[in-house]
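Reading through the structure tokens given below for one structure.
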Amino acid sequence: MAEGSIQGTILLVGCGKMGGALLNGWFKRGLSPVDTIVVEPAGRDAVMPCKTHRALTCLPHVKDVPRDFRPDVVLFAVKPQIADDIVPHYASFVAQQPVFLSVIAGKTTAYFQRQLGTDAIVRAMPNTPAAVGKSVSVLYAAPAVSAVQRRVCEVLMSAVGSVEWITDESLMDAVTAVSGSGPAYVFLLAECLRDAGIAAGLPADLAARIASATVTGSGCLLEQSDLSAETLRQNVTSPGGTTAAALSVLMASDGFKPLLAKAVAEATKRSKELAG
Ligand SMILES: NC(=O)c1ccc[n+]([C@@H]2O[C@H](COP(=O)([O-])OP(=O)(O)OC[C@H]3O[C@@H](n4cnc5c(N)ncnc54)[C@H](OP(=O)(O)O)[C@@H]3O)[C@@H](O)[C@H]2O)c1
Numbered sequence: 043m044a045e046g047s048i049q050g051t052i053l054l055v056g057c058g059k060m061g062g063a064l065l066n067g068w069f070k071r072g073l074s075p076v077d078t079i080v081v082e083p084a085g086r087d088a089v090m091p092c093k094t095h096r097a098l099t100c101l102p103h104v105k106d107v108p109r110d111f112r113p114d115v116v117l118f119a120v121k122p123q124i125a126d127d128i129v130p131h132y133a134s135f136v137a138q139q140p141v142f143l144s145v146i147a148g149k150t151t152a153y154f155q156r157q158l159g160t161d162a163i164v165r166a167m168p169n170t171p172a173a174v175g176k177s178v179s180v181l182y183a184a185p186a187v188s189a190v191q192r193r194v195c196e197v198l199m200s201a202v203g204s205v206e207w208i209t210d211e212s213l214m215d216a217v218t219a220v221s222g223s224g225p226a227y228v229f230l231l232a233e234c235l236r237d238a239g240i241a242a243g244l245p246a247d248l249a250a251r252i253a254s255a256t257v258t259g260s261g262c263l264l265e266q267s268d269l270s271a272e273t274l275r276q277n278v279t280s281p282g283g284t285t286a287a288a289l290s291v292l293m294a295s296d297g298f299k300p301l302l303a304k305a306v307a308e309a310t311k312r313s314k315e316l317a318g
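Note that the working numbering gives residue 155 to position 113 of the sequence shown, counting from 1, and the numbers run on in steps of one.
In structure tokens:
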């Protein structure tokens, strides 16, 4: 696979929400469908990118992959609960020396080393804004992964958004709690803002639209501005004004900050439990 562009051969295992978002991102960045094989038991018709990329091969089982297919990357995007039943079947590709890239939450590089018998493992934690090219993915590479393989994984994940690297794999539980689960917290904020607007007397459809647009617009401003979140918040807040009145509740000692810290700690704990 060439550096900086998406060329090469990829075996994608599981093409649901995350696998499908990645595949779409790769095609937008120039990946050729003829160099890609998808293993997805739901079948061709269930794999959205198949509808626009007729040359894409989608197979129901790993045993159907042609013997002469030599993937540069094998990417696992199946649910953690079924990983034990799926991952070991891909050990047959190890001889071809691909890098194995996993987005499976909670499954460590040690897990893949045990299941596959190779050290060429990269673990990634993306999030659902991948569907619109706005994911943030945090990557960890096992020590034996080469610089070229790291770069290849970075290019693949950057097709759906930004990429960060960590060198301590144990941080992946906190990453999962902050950015993996994070979109749910933001959507909950939009829901709560809508419901608070309704409680304050707004018509439900208007409350939903302005709550959603406020979250979206604030996210875009945060992305495009050079200012920090703190400064942007302060810029909305006039002394003695309406925002200050609201923030006196949200920033109280029992307000948003300790609540979110508790939520992230709980998600981190759960991520550790799921990793076993
Ligand atoms: N979605 C996210 O925001 C997100 C974020 C970070 C990480 N992840 C990780 O990404 C992984 C996939 O999540 P997802 O949300 O994309 O789940 P998903 O939509 O359920 O996709 C998983 C896909 O794997 C398929 N599959 C089942 N058995 C298979 C097999 N034997 N071989 C190949 N494919 C098989 C499923 O097909 P069927 O539906 O027919 O069973 C499904 O299409 C998970 O491990 C998750 O932890 C997801």
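Yeah, the Cβ is synthetic: ideal placement off N, Cα and C, and Gly gets one too.
Secondary structure at I240: helix, using DSSP grouped into helix, strand and coil. In terms of Cα proximity to D106, the closest of T170, P83, T209 is P83.
Nearest in C-alpha terms to Q139, of all of D126, R71, V115, is V115.
With a cutoff of 7 Å on beta-carbon distance, P75 and L53 are scored as not near each other. In the structure shown, the three-state DSSP call for M167 is strand.
Counting only heavy atoms of ligand 1, the residues whose C-beta sits closer than 6 Å to one of them are, along the chain, V55, G56, C57, G58, K59, M60, G61, V81, E82, P83, A84, A119, V120, K121, P122, I124, I128, V145, I146, A147, M167, P168, N169, T170, G222.
In the displayed model, L269 falls within coil according to three-state DSSP, outside both helix and strand. In this structure T51 does not touch P102 by the C-beta definition: roughly 20 Å separates them, more than the 8 Å allowed. Remark: C-beta atoms of L117 and L143 approach each other more closely than 7 Å. Segment contact: the stretch 61–71 against the stretch 194–202, three or more CB-CB distances shorter than 8 Å; contact assigned. Judged by DSSP in its simplified three-state form, V107 adopts coil rather than helix or strand. Assigned with DSSP and collapsed to three states, E196 falls in helix. Taking 3 residues as the minimum length, the beta strand (DSSP E) runs contained wholly in the stretch 112–192 are 115–118, 141–144, 163–167, 177–183, in order along the chain. Within the same chain, and ignoring the five residues on either side of R236 in sequence, the residues whose Cβ sits closer than 6 Å to its Cβ are A249, A250, A253. C100 sits in a strand when the DSSP states are folded into three classes. Residue ranges of uninterrupted alpha helix (DSSP H) with 4 or more members, entirely inside the stretch 254–305 and ordered along the chain, are 271–278, 284–292. Going by C-alpha positions, K311 is about 13 Å away from A147.
Boundaries of the alpha helix (DSSP H) harbouring L64: 59–70, taken from the DSSP string. G56 sits in coil when the DSSP states are folded into three classes, being neither helix nor strand. CA-CA distance, S280 to L274, rounds to 12 Å.
Sequence-distant partners of I240 (beyond 5 residues in either direction) whose C-beta falls short of 6 Å from its own C-beta, in its chain, are A246, A249. Secondary structure of E233 (DSSP, three-state): helix. Distance from G203 to A172 at the Cβ level is roughly 6 Å; contact confirmed, criterion being Cβ atoms closer than 8 Å.
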